[in-house]
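Position 103 (the sequence shown) corresponds to 103 in UniProt numbering; numbering is contiguous. This report refers to the structure that appears directly beneath it.
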Amino acid sequence: MSTGVTPMEIDTGRRPLPRLWVASDSCLFLEDHQAVIDYAKEQLAKAQERQKKSYDHHREIVNFNISDFVYIRAKLLNKNFGTPAYDVSKDPTKNKLLPHWVGPFPIAQRIGANAYKLVLSARSPIT
């Protein structure tokens with residue numbers, strides 16, 4: 001055993017119980033195990049809140065106006081997207097030489113809080 005402990009000790013943090021054990025011990029075990037699960041859930045919720053706070057601290061809300069020019073992230077486009085300077089059959093999510101951003105495209109209309117309709121040119125490879 002390379003870890004020096006049983007798999008159960010790694011998984012549960014306890015040594016294996018003898019094969020014969022009393023029902024009262026099982027009730028105590030269930031209570032302890034539920035307490036450990038509840039504690040782990042609380043700690044996960046706290047960690048998620050800290051991570052969200054850290055992420056939101058650096059996040060900036062950006063609003064665009066009609067006729068502003070924006071770029072589109074190439075990963076969000078269909079897999080056949082490409083530009084004339086590169087192989088059109090390549091997947092932009094897998095080929096690091098393809099452009100990461102496409103554009104600029106003017107905004108035609110605001111659809112929602114974070115959604116915009118763009119004016120795409122006739123020669124644009126986006127459909």
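Glycine residues also receive a C-beta, built at the ideal position from the N, C-alpha and C atoms.
query	result
Starting from residue 7 and walking both ways along the alpha helix (DSSP H), at which residues does that stretch end?	7-12
Measuring CB to CB, does residue 112 end up less than 8 Å from residue 70?	no
On the DSSP bridge assignment, give the partners of residue 105 in chain order.	70
Report the option in 13, 42, 47 and 100 whose CA atom is closest to the CA atom of residue 33.	13
Does residue 50 come out as helix, strand or coil in the three-state DSSP assignment?	helix
I believe residue 108 touches residue 66 by the beta-carbon criterion, under 8 Å. Please report the beta-carbon distance rounded to the nearest angstrom.	7 Å
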